[in-house]
Amino acid sequence: MIHILVVEDEQRVASLIKRGLEECGYNVSVAYDAEMGLRLFRASEFDLVISDVILPGKSGFDFCKDVRVQNSNVPIIMLTALGTTDDKLEGFDAGADDYMVKPFDLRELDGRIKVLLKRYTKEVHKDHSDVISYADLQINLKTKEVSRSGLMIKLTPKEFNLLVYMAENPERVLSRNEIAENVWNTHFDTGTNFIDVYINYLRKKIDKDFDHKLIHTKTGMGFILRYNHEDQNEINA
Ligand code: CA
């Protein structure tokens, strides 16, 4: 079931939208301000977000930006009583995908939702079925080919799986246990030196010949895949 988050401070309007969308077959959660909205957004999976512009406290535009930090793809529709071009532009700058001027017809809102969901599903599908890109790294999941800056890199199946996992979770520290569980499908009760060995294999192939290193050690914590623009001189031990 499609799960939609509605952020609207006017309770009457909020419950009208909720009821209308539920009649269209959606599962709807309502928040009455940006903070509550963000809390709900973090706590569960949403397929689409609808937010009023004028909210008590943080504005809908700021809420929109916060959501974009968490999720760069989820469709966002802004609602407002003002229909000026400036407002529209600010909404799009904040990362909104569409805009509805109040009062609106729920069928029209449903139409926009369907268009955005279709586009979103296609994008997510495309992202996950074919190629993972991070900085100059490209991984083709179908052909199992890996390249950096267009240069092909040969990996063993285990190295490939490890790199895919890191590239699917970039810019986040991955503990040895997490890597063990997700890449090797096992708990390493006896230690995780194994992971270090494979990380070193990967580094030799992925980073050694490139100025910008992608795989970094976080001492005592694990590893992180990150492209630092300023780390040309970093020694990657
Ligand atoms: Ca409002």
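Start counting the sequence shown at 57; every next residue gets the next number (our numbering). Cβ coordinates follow ideal geometry from the N, Cα and C atoms, glycine included. Please read these numbers as outputs of a predicted model, since none were measured by experiment.
Cβ atoms of I209 and K261: under 8 Å apart, would you say? Yes, the pair counts as a contact, with Cβ atoms nearer than the cut-off.
Sufficient close CB pairs (3 or more, under 8 Å) joining the region 114-133 to the region 186-195: Judged by Cβ distances under 8 Å, the region 114-133 makes no contact with the region 186-195, as fewer than three pairs qualify.
Tell me Y221's beta-bridge partners as DSSP assigns them. DSSP lists no partner for Y221.
What do you get for E64, buried or exposed, if any count of 16 or more other CB atoms within 10 angstroms of its CB means buried? Around the C-beta of E64, 16 or more other C-beta atoms lie within 10 Å, and the residue is accordingly described as buried.
Classification of S107 by the beta-carbon crowding that lies within 10 angstroms, buried from 16 upward: That one is buried.
What do you reckon, is the C-beta of I73 under 7 Å from a heavy atom of ligand 1? I73 Cβ: outside cutoff for every heavy atom of ligand 1.
Indicate the three-state DSSP secondary structure (helix, strand or coil) for A45 in the structure shown. Residue 45 cannot be examined here, being either before or after the span of the chain that is shown, 57 to 293.
Alpha carbon to alpha carbon, what distance is there between L96 and L230? Just so you know, the alpha carbons of L230 and L96 end up roughly 25 Å apart.
Below 7 Å, is the gap between the Cβ of I110 and the nearest heavy atom of ligand 1? At a threshold of 7 Å, I110 counts as near ligand 1, since its beta carbon sits closer than that to one of the ligand's heavy atoms.
Taking 7 Å as the cut-off, is the CB of D118 close to at least one heavy atom of ligand 1? D118: no, Cβ never under 7 Å from ligand 1.
Beta-bridge partners of F279, as assigned by DSSP: F279 is bridged to L230, T273.
Relative to the alpha-carbon of A170, which residue among L104, T273, V86, V253 has its alpha-carbon at the smallest distance? The amino acid occupying residue 170 in the given sequence is Lys; Ala does not appear at that position. Considering only alpha carbons, the answer is L104.
Those residues which DSSP pairs with V84 across a bridge: Answer is I60, bridged to V84.
Would you kindly report the start and end of the unbroken beta strand (DSSP E) that includes I106? Its beta strand (DSSP E) spans residues 104-108.
Let me know the secondary structure DSSP gives D166 once reduced to three states. Helix, per DSSP.
Could you check if D65 belongs to the surroundings of ligand 1, using beta carbon to heavy atom distance under 7 Å? Answer for D65: yes, Cβ within range of ligand 1.
Quick one, are the C-beta atoms of I132 and R168 less than 8 Å apart? No, these two residues do not count as a Cβ contact at 8 Å.
Can you look up E79 in the DSSP assignment and give me helix, strand or coil? The answer is helix: DSSP assigns E79 an H, G or I state.
In whole angstroms, give me the CA-to-CA distance for E253 and F148. Checking the displayed sequence, the identity of residue 253 turns out to be Val instead of Glu. Rounded to the nearest whole angstrom, the C-alpha separation of V253 and F148 is 46 Å.
To which residues of the same chain is E227 closer than 8 Å at the C-beta, ignoring the five residues directly before and after it? Around E227: I280, L281, R282.
Ordered along the chain, which non-local residues of its own chain (more than five positions away) have a Cβ less than 6 Å from that of C80? Here the set comprises D166.
Give the range of the beta strand (DSSP E) segment to which D154 is assigned. For D154, the uninterrupted beta strand (DSSP E) run begins and ends at 154-157, by DSSP.
Tell me L135's beta-bridge partners as DSSP assigns them. D108, M156, per the DSSP bridge assignment.
How long is the line joining the alpha carbons of F58 and M92, rounded to whole angstroms? Checking the sequence, you will find Ile at residue 58 rather than Phe. It is roughly 20 Å from the alpha-carbon of I58 to the alpha-carbon of M92.
Buried versus exposed, by CB contacts within 10 Å (16 or more), V125: Looking at its Cβ environment, which holds fewer than 16 other Cβ atoms inside 10 Å, V125 is exposed.
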